[in-house]
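Numbering of the sequence shown is given in my numbering, commencing with residue 1329 and proceeding in unit increments. Below is one structure, written out as structure tokens; comments come after it.
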Amino acid sequence: MNRSSSLEFPDKNEFAKWVVVKATSNVVTCHGDVKLYREELLKFAGRWPTDHLKKLDESREDSIKTMYEHRKDELSEKISTLRTQFASITGALFSVNAQAKPGKRYAAVQTLRGFVEELEQDDELWTRMDAPTKFTLSLPLRNKHEMQQLLRLLGQDVKTVWCDTIERVFAMMLEAPEESKSNDRSHALDRDQVIAKEFRELLKQWSCRKAARQVTITPESRNGRVYCHVEETSMNVKVFKSTRDRPALERPRVQCGPVVCRNCGALGQHWTLSCPMKEDRDATDAENSGNVTCGGWDVSLLFR
1329 MNRSSSLEFP
1339 DKNEFAKWVV
1349 VKATSNVVTC
1359 HGDVKLYREE
1369 LLKFAGRWPT
1379 DHLKKLDESR
1389 EDSIKTMYEH
1399 RKDELSEKIS
1409 TLRTQFASIT
1419 GALFSVNAQA
1429 KPGKRYAAVQ
1439 TLRGFVEELE
1449 QDDELWTRMD
1459 APTKFTLSLP
1469 LRNKHEMQQL
1479 LRLLGQDVKT
1489 VWCDTIERVF
1499 AMMLEAPEES
1509 KSNDRSHALD
1519 RDQVIAKEFR
1529 ELLKQWSCRK
1539 AARQVTITPE
1549 SRNGRVYCHV
1559 EETSMNVKVF
1569 KSTRDRPALE
1579 RPRVQCGPVV
1589 CRNCGALGQH
1599 WTLSCPMKED
1609 RDATDAENSG
1619 NVTCGGWDVS
1629 LLFR
């Protein structure tokens, strides 16, 4: 008997529990986007690849740690170079009096501008920098007239504040080296492949088992609930019984009566050829017929 029904489940967990129970005694096939429920189905079926995923996570952690140390070493070396470079141009950045050489300050400003532009390209680092830090870092990029007014108003404290700011930026650069986004994507892809393989094997197991009924489910998730259309179909299973378990057929026996000796007429005592009176009988027959006998047979008959 075939039948169809529509079921509603409060969440993915309850849906997965129901499917796993159905799969224990039925052939279960899934239609629709069942990938949405694969984690719950695998976990309730006891097939979640915990060990494999754990190994992937541990491998990723080791990779991140190695990459972090390598990146940190690179940044430390880069910051050391930048610190030396900015120490050599700080005087030129704030030299705006009439005696200062404009070409020297121009080169220093271009160096600072290139550094600021590089920071702006690092979205994560630039977002973490507050507005006062960005403002102070860019002070020497102002034109000569504006710089003269700042120095006249604040004095050499401007240079001290700027030097403190550049050191704070260096510290922020060293705090959290940027992790490789490609590494994250690769790890996510590896996890997905492991889960997908285990899920395919589970669906294959459910659809290939021997059972009297097939259950076809088509789930749909809406507002956190799962609505499932269910088709149940009887399976035509042919059962072949092995003949090896049957007892062997007995050979029919021929019912024979008691043996009667043709010599002496004895009933059921001996065969005709083994009759004790056979020799006497043969001799008597030979005398009567005048023929030679052999084993009770008339030899003369052979020559007629």
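Note that beta-carbon positions come from the ideal geometry of N, C-alpha and C, so glycine has one too.
### Query
Apart from the five residues on each side of it in sequence, which residues of its chain come closer than 8 Å, Cβ to Cβ, to R1496?
T1461
### Task
Would you list, in sequence order, the uninterrupted beta strand (DSSP E) runs of no fewer than 3 residues that lie entirely inside the stretch 1454-1509?
none
#### Entry: Backbone CA spacing between D1361 and E1386 [nearest angstrom]
31 Å
### Task
Would you mind stating whether E1526 and R1388 have Cβ atoms separated by less than 9 Å?
no
#### Entry: Inter-residue spacing [alpha-carbon to alpha-carbon] between T1394 and A1539
52 Å
### Message
Given this structure, state the Cα-to-Cα distance separating R1456 from T1412, to the nearest angstrom.
### Response
24 Å
### Message
Assuming S1466 and V1444 are in contact, meaning their beta carbons sit under 8 Å apart, how far apart are those beta carbons, in whole angstroms?
### Response
6 Å
### Query
Between the beta-carbon of Q1476 and the beta-carbon of V1437, is there less than 9 Å?
no
### Message
Here's a check: name, in chain order, each residue in its chain whose Cβ is nearer than 6 Å to the Cβ of W1454, leaving out the five neighbours to either side.
### Response
L1447, E1448
### Query
Distance, Cα to Cα, T1488 vs L1482?
11 Å
#### Entry: Three-state secondary structure assigned by DSSP to L1601
coil
### Query
According to DSSP, what are the bridge partners of H1557?
S1334, T1546
### Query
Is it right to say F1568 is buried, meaning 16 or more other beta carbons lie within 10 angstroms of its own, or is it exposed?
Confidence at F1568 is low in this model, with a pLDDT of 49, below 50, so its placement is unreliable and the value that follows should be read with caution. F1568 is exposed by the Cβ-count criterion.
### Query
Less than 9 Å separating the beta-carbons of V1349 and S1535?
no
### Task
Please state whether DSSP places T1357 in a helix, a strand or coil.
strand
### Task
Measure the alpha-carbon distance for E1342 versus Y1555 and round it to whole angstroms.
11 Å
#### Entry: Straight-line Cα distance separating H1398 from A1459
30 Å
### Query
Going straight from the alpha carbon of D1379 to that of P1468, what length do you get?
56 Å
### Task
Measure the alpha-carbon distance for R1519 versus A1344 and round it to whole angstroms.
21 Å
### Per DSSP, the bridge partner or partners of R1541
S1562
### Task
Taking L1381 as part of the alpha helix (DSSP H), name the residues at either end of that continuous run.
1378-1421
### Query
Roughly how many angstroms separate the alpha carbons of L1370 and G1552, rounded to a whole number?
19 Å
### Query
According to the neighbour-count rule (16 or more other Cβ atoms, all chains shown, within 10 Å of its Cβ), is E1368 buried or exposed?
buried
### Nearest-angstrom Cα separation, counted from N1471 out to E1396
Strictly speaking, residue 1396 in this sequence is Tyr, with Glu absent from that position. Taking the straight line from one Cα to the other gives about 39 Å.
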